[in-house]
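First up is the structure itself, then whatever we jot down about it.
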Amino acid sequence: MARTLCKYRRAEIADKFTTISQIVSLPKYVCRSCARSASEKSYLCKPSTLQLPGGKRAAVITSALPAVAQPAVVAAEPVMAPAPSLPVAYTELPELGSMTAETVLPMGKSGKKQSKQLKKLRKLAKKKHKRLKKAAKAVKRYEKALKKARGLLIA
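Quick note, our numbering runs 5 ahead of the 1-based positions in the sequence shown.
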């Protein structure tokens, strides 16, 4: 039995791109748990058929298919012009790090609400910073391992 696409790590997907692109080029099934698509059920852990609400099969993505001479179909619908852009007002906001509890003075219910929102934003910024730091560390480890592997291949 073939290994399911759901079990592949991102690094393995990058390494086996050609094989996986052949599997995914004509999707007939989609995984209910991870939303990956494949041409056969055996490649997915929880497959379900890929169908539109009207019972019709889903259209195939032509960008993944090899180039084949096909007649171009022109849409009969008129093309609408984009809406004119409206002027946008920009305001200068202080950085999250420079804003302290003394700068925000609670003014009744709305002040409490704003301070809660500010607290949540700080927490999210801290989480994002932590994740970026972790990702940078992972990239460094990957590059170090790659350099080591290249050194072993050359020697």
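Using N, Cα and C, we set each Cβ at its ideal position, and we do this for glycine too.
- Here Cys39 is exposed, its C-beta having fewer than 16 other C-beta atoms within 10 Å.
- In this chain, the alpha helix (DSSP H) harbouring Ser26 covers 22-29.
- Ser53 sits close to Arg37, with the two beta carbons spaced by under 9 Å.
- For the pair Ala143 and Lys114, the Cα-to-Cα distance works out to about 43 Å.
- DSSP, read as helix, strand or coil, puts Tyr34 in strand.
- For the pair Tyr13 and Val35, the Cα-to-Cα distance works out to about 15 Å.
- Within the DSSP secondary-structure output, Ala43 pairs in a beta bridge with Tyr34.
- The beta-carbon separation of Ser44 and Lys33, rounded to 6 Å, stays under the 8 Å limit for a contact.
- With 16 or more other Cβ atoms inside 10 Å of its own Cβ, Ile28 counts as buried.
- Linking Ala140 to Ala16 through their CA atoms gives a straight-line distance of about 14 Å.
- Counting the other CB atoms within 10 Å of its CB gives Tyr147 a total below 16, which places it among the exposed residues.
- When the Cα atoms are used, Lys135 and Thr24 turn out to be separated by approximately 35 Å.
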